[in-house]
Amino acid sequence: MASSDHNPKSEPDTHVVATKKRPRKPQFITQKTVKLEPQDQKLTSPPDIEEFASKTPTQTKFKPVSNDNDKSRVNPPSNWVKVLEGIREMRSLEDPPVFFKGCEEAVKTLTPQERRFAVLISSLLSSQTKDHINHGAVQRLHDKNLLKPETIDDAEESTIKDLIYPVGFYTRKASYMKRIARISISNYHGDIPSTLEGLLSLPGIGPKMAHLVMHVAWNNVEGICVDTHVHRISNRLGWVTQTKTPEQTREALQKWLPKEEWAPINPLLVGFGQTICTPLRPSCGLCSINGLCPSAFQEATPTPKKMSRIKNKFSES
DNA sequence: CTCCGGGCTG
DNA sequence: CAGCCAGGAG
Numbered sequence: 001m002a003s004s005d006h007n008p009k010s011e012p013d014t015h016v017v018a019t020k021k022r023p024r025k026p027q028f029i030t031q032k033t034v035k036l037e038p039q040d041q042k043l044t045s046p047p048d049i050e051e052f053a054s055k056t057p058t059q060t061k062f063k064p065v066s067n068d069n070d071k072s073r074v075n076p077p078s079n080w081v082k083v084l085e086g087i088r089e090m091r092s093l094e095d096p097p098v099f100f101k102g103c104e105e106a107v108k109t110l111t112p113q114e115r116r117f118a119v120l121i122s123s124l125l126s127s128q129t130k131d132h133i134n135h136g137a138v139q140r141l142h143d144k145n146l147l148k149p150e151t152i153d154d155a156e157e158s159t160i161k162d163l164i165y166p167v168g169f170y171t172r173k174a175s176y177m178k179r180i181a182r183i184s185i186s187n188y189h190g191d192i193p194s195t196l197e198g199l200l201s202l203p204g205i206g207p208k209m210a211h212l213v214m215h216v217a218w219n220n221v222e223g224i225c226v227d228t229h230v231h232r233i234s235n236r237l238g239w240v241t242q243t244k245t246p247e248q249t250r251e252a253l254q255k256w257l258p259k260e261e262w263a264p265i266n267p268l269l270v271g272f273g274q275t276i277c278t279p280l281r282p283s284c285g286l287c288s289i290n291g292l293c294p295s296a297f298q299e300a301t302p303t304p305k306k307m308s309r310i311k312n313k314f315s316e317s
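Residues 1 to 317 (UniProt numbering) make up the first sequence, in order.
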């Protein structure tokens, strides 16, 4: 029953995935954490995709917790700024993410509300799915005009299922899409929920995706989008004290990380986590901030083969 | 904690 | 080719 259709925040933008290089996975946008005037709901032209696609817009100059007045705030770990900058430099050699690969132009023609819905659907599909697979699925949906709640509502679930294959868990996702389309129509006039609680109430949307959608669709950063990479790396860096779940990590991070970094941290660490700070055998020898990492060289080192692969990846850019 | 349903890694 | 991956639901 959320009656929050009209969102006060700013304009949405597009989302998702793409890169041409191999092992990439994330699909997030790095966007500026702009502060929006409540009354500037004047949806002018949506933010430029190119603008988002370029680099990570994290801060360059250190701003001591400019954040909030939250009393539960804790002191940040030492050197976190240096660590962040180091990771940013390593990541700068990689291709920037692209949204709605293959249908960027078409996405621009969508209304803000339609774009928000498309972002939600794309996010749903992207979870547990490799980028290139998700791209194909989103593009096929778009080609069949199936990124809108009304058309999804009218379509056969099996049709959707076939179109999004081989996205991870396509059977469930097809069902979620149908249910989300109905909810969108009946509760949000074709839009998507503008609050975390609203998004979390949707089938297939958990904390990770809910925060991502808040960032991308509503340009409203309520919390950090924590996935397995952010979770793992935060623990390795000692940025949080041995958290057991991504949700615990999110809450711990939010206690000290300046809000300006909340949105960019995910794409930053995801890329880092897929190349250097991998779950298994992290390449500490190639990591420029290994001197600042309490976990450096604590785990098995990569095999020579993997090491050369990574080196090669870095040199080719 | 297990299942989901593929792709990818070793 | 066996087993792991990864977010969410039951």
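For glycine and all other residues, C-beta sits at the position ideal for the given N, C-alpha and C.
Values in this document were obtained by computation on a predicted structure and should not be read as measured data.
For Ser201, the three-state secondary structure derived from DSSP is coil. When only Cα atoms are considered, Lys178 and Ala252 end up about 35 Å apart.
The Cβ neighbour count for Pro246, taken over all protein chains shown within 10 Å, is at least 16; the residue is labelled buried.
Straight through space, the alpha carbons of Cys277 and Thr228 are spaced by roughly 12 Å. In the three-state scheme derived from DSSP, where H, G and I count as helix and E and B as strand, Trp218 is classed as helix. Between Leu268 and Ile133, the beta carbon gap of about 23 Å keeps them out of contact (Cβ cut-off 8 Å).
Residue nearest to Glu114 within the set His142, Lys101, Ser92, Gly136 is His142 (criterion: CA-CA distance). Leu125 is positioned such that its CB atom lies no closer than 8 Å to that of Arg140.
With a cutoff of 8 Å on beta-carbon distance, Val83 and Leu292 are scored as near each other. A residue is called buried once 16 or more other Cβ atoms fall within 10 Å of its Cβ, and Ser122 is buried on that count.
Cα atoms of Met90 and Pro282: separation of roughly 14 Å, rounded to the nearest angstrom. Each of Thr171, His189, Lys101 was checked against the Cα of Phe117, and the nearest Cα belongs to His189. Measuring C-alpha to C-alpha distances from Ser194 to each of Val74, Ala217, Gly206, Arg182 identifies Ala217 as the nearest. Counting along the chain, the unbroken alpha helix (DSSP H) around Arg232 starts and ends at 228-237.
The Cβ atoms of Ala174 and Asp153 do not sit closer than 8 Å to each other. Counting of Cβ neighbours within 10 angstroms places Thr275 among the buried residues, the total reaching 16 or more.
Taking all protein chains in view, the Cβ of Thr249 is crowded by 16 or more other Cβ atoms within 10 Å, so the residue is classified as buried.
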